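Have a look at the structure below, then the notes.
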Amino acid sequence: MIHLKGVTKQYPGNIVAIRNITLHIEPGEFVSVVGQSGAGKSTIVRLLMAEEAASRGRIIVGGWDITGIKRREIPVLRRQIGVVFQDYKLLRKKTIFENVSFALEVCGEPRQKIKTLVPQLLKIVGLENQQRRFPDQLSGGEQQRVSIARALAHRPKLLLADEPTGNLDSLNAQEIVDVLRKINELGTTIMLVTHNRDIVNALKKRVITLDHGEIISDQAVGRYVL
94 MIHLKGVTKQ YPGNIVAIRN ITLHIEPGEF VSVVGQSGAG KSTIVRLLMA
144 EEAASRGRII VGGWDITGIK RREIPVLRRQ IGVVFQDYKL LRKKTIFENV
194 SFALEVCGEP RQKIKTLVPQ LLKIVGLENQ QRRFPDQLSG GEQQRVSIAR
244 ALAHRPKLLL ADEPTGNLDS LNAQEIVDVL RKINELGTTI MLVTHNRDIV
294 NALKKRVITL DHGEIISDQA VGRYVL
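When you line the sequence shown up against the working numbering, it's residues 94 to 319, in that order.
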């Protein structure tokens, strides 16, 4: 599903965010990428989304070599990758249903398909009874679940979750992880980028640890030990 081969990202001023990263994530895996702030975790997410280009190396997502991806191809790539961020990025004046349906509308999906699909997505994240509410009427955990439903709108094979529990208390954070685990069990590959030690250790899944832009550990059933 994901291949990074000798990937380096360097910024002006000789600032190296990640250095010579090589990793392989199989379809259907649930992988946590951990490390302290500045370790390079979010840089990997931006490279996988083609938000930034690698300085060196190759990046392959779902069999597609995106190393030299053309600008016009980026929207096609992003419809194949669901992304969830720490801040929910919801449209405050739209209902929960409208927030999720908007991701489909902008791609020209038929209205009838949207009416059928959105309730299914909200059911996956446990919000099927909240469709007419607005984001400000929901808890932080519920808002994050809406953003997850939206990320699933195009049935991606890969879901990137970049610090999805960063703004949540421990109870809501665990609920988000439970939703991600459920999505993974349905067949979606999950990359969870986090610094939450408790969540990672409770998952008992593969853990890749970054430090100063390099992989220092890759454990099949790992713990966050930094």
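All C-beta atoms, glycine included, are put in the ideal place defined by N, C-alpha and C. Remember, predicted model here, so these are calculated numbers, not experimental data.
Around the beta carbon of S232, a 10 Å sphere encloses fewer than 16 other beta carbons of the protein chains shown; the residue is thus reported as exposed. Looking at the DSSP output, F195 bridges to nothing.
In the three-state scheme derived from DSSP, where H, G and I count as helix and E and B as strand, Q312 is classed as strand.
DSSP, reduced to helix, strand and coil, places D180 outside both helices and strands of the structure shown, so it counts as coil. Rounded to the nearest angstrom, the gap between the Cα atoms of P120 and I152 is 15 Å. Going by DSSP, S125 is part of no alpha helix (DSSP H) but of the beta strand (DSSP E) stretching over F123 to V127.
Nearest neighbour of K163 by Cα position, chosen from R149, E144 and I269, turns out to be E144. Beta-bridge annotation (DSSP): I153 is paired with H96 and D158.
About 5 Å separates the Cβ atoms of I118 and M94, confirming a contact at the 8 Å cut-off.
Shown here for T160: same chain residues with a beta carbon closer than 6 Å to its own, the five before and five after excluded, namely R151 and I152 in chain order.
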